[in-house]
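Asker: The structure under discussion is supplied below as structure tokens; questions concerning it will follow.
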Amino acid sequence: MEESNDLKKHLQQVKVLILDVDGVMTDGGLLLGESEECKEFNTMDGAGVKYLQRAGIRVAIITGRCSGAVARRAQELGISDVHQKALKKLPVFQQLLANYNLVASEIAYIGDDLPDLPLLIRVGLPIAVANACPEVKARAMYITTRGGGKGAIREVAELILKAQGKWDRIVEGYLE
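So in this note's numbering, the last spot in the sequence shown is 177, and the numbers never skip.
Following this line, the structure appears as structure tokens:
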């Protein structure tokens with residue numbers, strides 16, 4: 002998808018990226034054992050989260066489910082704003098805005114399914130993963146080329162960082 006001037010303007014304003022989990026951080030599949038739930042996360046997505054954080058962009062998670070795997074992955078990535086069992090995501094979103102003195106135009110949100118709609122219609126940069134449902138895609142300003150759990154977060158991270166002129170510094174850090 003080609004970057005329009007409007008998309009670039011919204012990418013430049015992003016101060017926080019909020020992620021859904023199932024279908025965004027993962028491909029939506031669940032592995033259920035007798036006593037635990039397992040999820041598969043993409044390491045490229047994890048790197049994208051770290052690059053955003055290094056550039057001063059906060060990352061948060063809001064999900065309706067509750068899983069130890071999500072808590073562990075968030076801890077590994079240094080994401081402190083983790084909100085599980087958020088069956089209604091809007092109150093959590095409003096609290097994040099208040100906590101960080103932000104406005105909705107400074108927020109990007111990546112979603113894939115109907116519970117994500119309340120945030121997608123309010124944030125400055127609504128994003129749908131490639132495998133999102135049609136209702137989510139219809140409300141997205143950007144639709145990733147990669148699916149949830151398959152590098153979509155990394156794709157978005159690079160878009161944000163490039164639009165904000167921060168990508169080259171990330172790359173340079175690996176060339177030293």
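Quick reminder that beta carbons are idealized off the backbone N, C-alpha and C, glycines included.
Predicted model only: the values in this text are computed from it and were never measured.
#1: When burial is assigned at 16 or more other CB atoms within 10 Å of the CB, is S81 buried or exposed?
#2: So, is L31 buried or exposed, given that buried needs 16 or more other C-beta atoms within 10 angstroms?
#3: Nearest to E41 by alpha carbon, out of V83, G24 and D113?
#4: Just verifying my parser: in three-state terms, what is the DSSP assignment at E156?
#5: Using CA atoms only, rank isn't needed, just tell me which of G47, A70, T64 and R74 is closest to K89.
#6: Rounding to the nearest angstrom, what Cα-Cα distance links L12 and L126 in this structure?
#7: Could you name the residues that DSSP lists as bridge partners for G112?
#8: Can you find a C-beta in chain D that's less than 7 Å from the C-beta of H84?
#9: For the candidate residues C39, I111 and G148, whose alpha-carbon lies nearest to that of V15?
#10: Going by DSSP, name the residue or residues bridged to C39.
#11: Which of the three DSSP states is assigned to D82 in this structure?
#12: Per DSSP, L20 forms a beta bridge with which residues?
#13: Between L103 and E35, what straight-line distance do the alpha-carbon atoms span, to the nearest angstrom?
#14: For Q54, which residues from the same chain have a beta carbon less than 7 Å from its beta carbon, with the 5 sequence-adjacent residues on both sides left out?
#15: Quick one: residues in its chain with C-beta nearer than 6 Å to the C-beta of A129, no 5 flanking neighbours on either side, listed in chain order?
#16: Could you spell out the range, first to last residue, of the alpha helix (DSSP H) harbouring L118?
#17: Measuring alpha carbon to alpha carbon, tell me which of P92, A109, A56 and L98 ends up nearest K10.
#18: Which residue comes first and which comes last in the alpha helix (DSSP H) that contains Q165?
#19: By Cβ distance, which residues of its chain are closer than 6 Å to G49, with the 5 residues on each side in sequence left out?
Answerer: By the coordinates alone:
#1: Exposed, since its Cβ has fewer than 16 Cβ neighbours within 10 Å.
#2: L31 counts as exposed, since fewer than 16 other beta carbons sit within 10 angstroms of its beta carbon.
#3: It is G24 whose Cα lies nearest to the Cα of E41.
#4: DSSP places E156 within a helical segment (H, G or I) once states are collapsed to three.
#5: Among G47, A70, T64 and R74, the Cα nearest to that of K89 belongs to T64.
#6: Going from the Cα of L12 to the Cα of L126 covers about 7 Å.
#7: Note: G112 sits in a beta bridge opposite A129.
#8: In summary, chain D is missing from the structure at hand, where a single protein chain is found.
#9: Of the listed residues, the one whose Cα sits closest to V15 is I111.
#10: Per DSSP, L32.
#11: Of the three classes helix, strand and coil, the one that applies to D82 here is strand, per DSSP.
#12: DSSP lists I62 and I111 as partners of L20.
#13: L103 and E35: Cα-Cα distance of roughly 42 Å.
#14: Cβ neighbours of Q54 beyond the five flanking positions: V60 and G79.
#15: Closer than 6 Å at Cβ, skipping near neighbours: V137, K138, A141 and I144.
#16: Its alpha helix (DSSP H) spans residues L118 to L121.
#17: Of the candidates P92, A109, A56 and L98, the one whose C-alpha sits nearest the C-alpha of K10 is A109.
#18: Unbroken run through Q165: none, as it is neither H nor E.
#19: Here the set comprises I154, R155 and A158.
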